[in-house]
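**Student:** Numbering (the UniProt record's numbering), first residue to last: 1 to 262. The beta carbon of each residue, even a glycine, is placed where N, CA and C say it ideally should be. This is the structure I want to talk about, given as structure tokens.
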DNA sequence: GCGACAG
DNA sequence: ATCTTGTCGC
């Protein structure tokens, strides 16, 4: 297979990135700031955004940066922007935001400028929030840069602060009985960094939800749960996952998935 | 043995 | 992330 152009990072880049994470981390707000977040039915929440970068098969450079906005609570597609981009930074664990973040921030800002009435009130981000080696994952990054509430939704446990995907953890997963069941991810420091969430009755593998920005963990988990028809919450799942959608011109609208029950 | 490591 | 072989785990 063709070796990808994954150039080594210039010396000192990681130090700069760490410094930037530390600076931006000081701006994270890890509590509810919006009225709808405290409402049991999320009354007042009308639009939920989902952000993701999906790759072209066998290529670690060409990718599609996409933003989907769904109505709430019906989860119908209001807007979708999918733009082909060339990723420059390599993937370095703990620094995902520096690879994918800029394109996703762009997508949000384009929408806010051109169609502000469709702007999301909260962002679901594929990756972690404060559940991160330095407490500042890609979801925090997007939240701070857009000043929107954001939530990190990861599909795998990032082993940080003593958290381990070990036998005990797997046993806790096994004990999650029904959709909506959770257990806290408590780091060695005693802080609850996130929650493992069984997002659906028929889903064995949990989601790892953590605060990104301007939202409490409790509200974040509740919202993710309420956005799940299947394992992956709709705003993130709606992102193009097959090559067919990647070939679409930017800004084109896609049909919603068939709705189960209004 | 050579480990963990979101996407 | 994607592809892929394989079949336990500390």
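#1: Go ahead and pull the three-state DSSP assignment for residue 66.
#2: Fully enclosed by the stretch 24–89, which alpha helix (DSSP H) runs are 4 residues long or longer?
#3: Excluding the 5 residues flanking residue 228 on each side, which residues of the same chain have their C-beta closer than 6 Å to its C-beta?
#4: Could you work out which residue in 211, 76, 138 and 116 is closest to residue 99 when comparing CA atoms only?
#5: So residue 117 is in the alpha helix (DSSP H); what residue range does that whole segment cover?
#6: Could you tell me the distance, in whole angstroms, from the CA atom of residue 241 to the CA atom of residue 108?
#7: With a threshold of 8 Å on Cβ separation, who are the neighbours of residue 9 within its own chain once the five nearest residues in sequence on each side are excluded?
#8: Less than 9 Å between the beta carbons of residue 53 and residue 64, yes or no?
#9: State the start and end residues of the unbroken alpha helix (DSSP H) segment that holds residue 178.
#10: Opposite residue 196 in the DSSP bridges: which residues?
#11: Applying the 10 Å Cβ sphere with the 16-neighbour rule, what's the burial state of residue 128?
#12: My assumption, with CB atoms under 8 Å, is that residue 209 sits in contact with residue 192. Please give the rounded CB distance.
**Tutor:** Taking the structure as given:
#1: Your numbering for residue 66 matches position 66 in the first chain. Here residue 66 sits in strand by DSSP.
#2: Segments of the alpha helix (DSSP H) lying fully in the stretch 24–89: 35–38.
#3: Here residue 228 refers to the residue found at position 228 when the first chain is read from its first residue. Non-local beta-carbon contacts of residue 228 in its own chain, meaning distances under 6 Å to residues more than five positions away in sequence, involve 199 and 200 in chain order.
#4: As a position in the first chain, residue 99 is number 99, starting the count at 1. The residue with the shortest Cα to Cα distance from residue 99 is 138.
#5: Within the first chain, the letter at position 117 stands for residue 117. It is not in any alpha helix (DSSP H) - residue 117 carries neither H nor E in the DSSP assignment.
#6: Indexing the first chain from 1 puts residue 241 at position 241. Indexing the first chain from 1 puts residue 108 at position 108. Note that residue 241 scores a pLDDT of 42, beneath 50, so its modelled location is shaky; the value from the coordinates is reported in the next line. Going from the Cα of residue 241 to the Cα of residue 108 covers about 20 Å.
#7: The residue labelled residue 9 in the question sits at position 9 within the first chain. Correct list, in chain order: 89, 90 and 92.
#8: Numbered from 1 along the first chain, position 53 holds the residue referred to as residue 53. Numbered from 1 along the first chain, position 64 holds the residue referred to as residue 64. With contacts defined by Cβ atoms closer than 9 Å, residue 53 and residue 64 form a contacting pair.
#9: Here residue 178 refers to the residue found at position 178 when the first chain is read from its first residue. From DSSP, residue 178 is part of no alpha helix (DSSP H); its letter is neither H nor E.
#10: Working through the first chain from its first residue, we reach residue 196 at position 196. Bridge partners of residue 196 according to DSSP: 183 and 208.
#11: To locate residue 128, count along the first chain from 1; it is residue 128. With 16 or more Cβ atoms within 10 Å of its Cβ, residue 128 is classed as buried.
#12: Residue numbering aside, residue 209 sits at position 209 when the first chain is read from its first letter. Residue numbering aside, residue 192 sits at position 192 when the first chain is read from its first letter. Not confirmed; about 11 Å, so no contact.
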